[in-house]
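So the structure is just underneath, and the comments pick up after that.
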Amino acid sequence: MWHLLKAQRGSNNGIYTPAILMLIFIVGVSFLGLGFVMPLRALYGREIGASSAEIGLMTGSFLLAGFIASPAIGWFADRFGYKNILWIGLLLHALLMLAYIPAQDPILLIGLRALEGIASVSVLPPTRALMNTLAPRTRQGEALGLLSASQTTGILIGPALGAVLASQAGYILSFVIA
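Positions -18 to 159 (this note's numbering) are the ones given, in order, by the sequence shown.
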């Protein structure tokens, strides 16, 4: 899969190359997983005894950690390669979803959400940078628009799918699939 992401700009002004389609797919699936458990985290937190304030801190820690980590993640991506940071972000996100399963402490959920914020910013900025290296200069805006549409589609569909699955099979399977 990763061999498709060779940073070679197309000469035919095409944006529907295998590498660009792979990036669009990666972002869509990543944000589908993010959305999949979006409505479940608060419910899961309540189930293990989290207060309203702790549930709010779960959301805040995700955003704050992502905000703080973004410049550093960009720096690492520039120095160690966009694909490498993207791979780390995807792997970290998958492992964090599994870490929710044994978590029985609201404070641990807050920490997991903070790490998720870092994982999230390890995915999108490198994919945007890769997209800019792959798309023809005259179509970079269009290519980035497709990437954003893929992200939005994942976030849009994920919560409904995750909620339906959780109502039928419980939280654990939802976190495993995400």
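No residue lacks a Cβ here, since even glycine has one placed at the ideal position from N, Cα and C. Computed from a predicted model, the values in this text were never measured in an experiment.
Would DSSP call Val8 helix, strand or coil?
The answer is helix: DSSP assigns Val8 an H, G or I state.
State whether the region 82 to 90 contacts the region 61 to 68, with contact taken as three or more CB pairs (one from each stretch) at a distance under 8 Å.
No contact exists between the region 82 to 90 and the region 61 to 68.
Would you be able to state if there are at least three C-beta pairs under 8 Å between the region 48 to 64 and the region 118 to 133?
With a cut-off of 8 Å, the region 48 to 64 and the region 118 to 133 do not count as touching, because too few Cβ pairs lie within range.
Our contact map puts Gly143 next to Gly16 with C-beta atoms below 8 Å; I'd like the distance itself, whole angstroms only.
Indeed, because the Cβ distance is near 7 Å, the residues count as touching under 8 Å.
Cα separation between Met112 and Gly30?
Rounded to whole angstroms, Met112 to Gly30 spans 43 Å at the Cα level.
Would you identify the three-state DSSP class for Val157, choosing helix, strand or coil?
Reduced to three states, the DSSP call for Val157 is helix.
Mind checking which residues open and close the alpha helix (DSSP H) that includes Ile82?
Where Ile82 is concerned, there is no enclosing alpha helix (DSSP H), given that its DSSP letter is neither H nor E.
Which residue from Gly14, Gly126, Ala53 puts its Cα closest to that of Ile136?
Answer by Cα proximity: Gly14.
Which term fits Gly26, buried or exposed, when burial requires 16 or more other beta carbons within 10 angstroms of its beta carbon?
Result: buried.
Should Tyr(-3) go down as buried or exposed, given a rule of 16 or more other Cβ atoms within 10 Å for buried?
Its Cβ having fewer than 16 others within 10 Å, Tyr(-3) is exposed.
Would you tell me roughly how many angstroms separate the C-alpha atoms of Ala110 and Gly37, rounded to the nearest one?
Roughly 32 Å between the two C-alpha positions.
Have a look at Ile158 and Trp56 and give me their C-alpha separation to the nearest angstrom.
One C-alpha to the other measures close to 31 Å.
So, with DSSP's three-state summary, where would you put Thr(-2)?
Coil at Thr(-2), not helix or strand.
Is DSSP giving Ala50 helix, strand or coil here?
DSSP places Ala50 in helix when its eight states are reduced to three.
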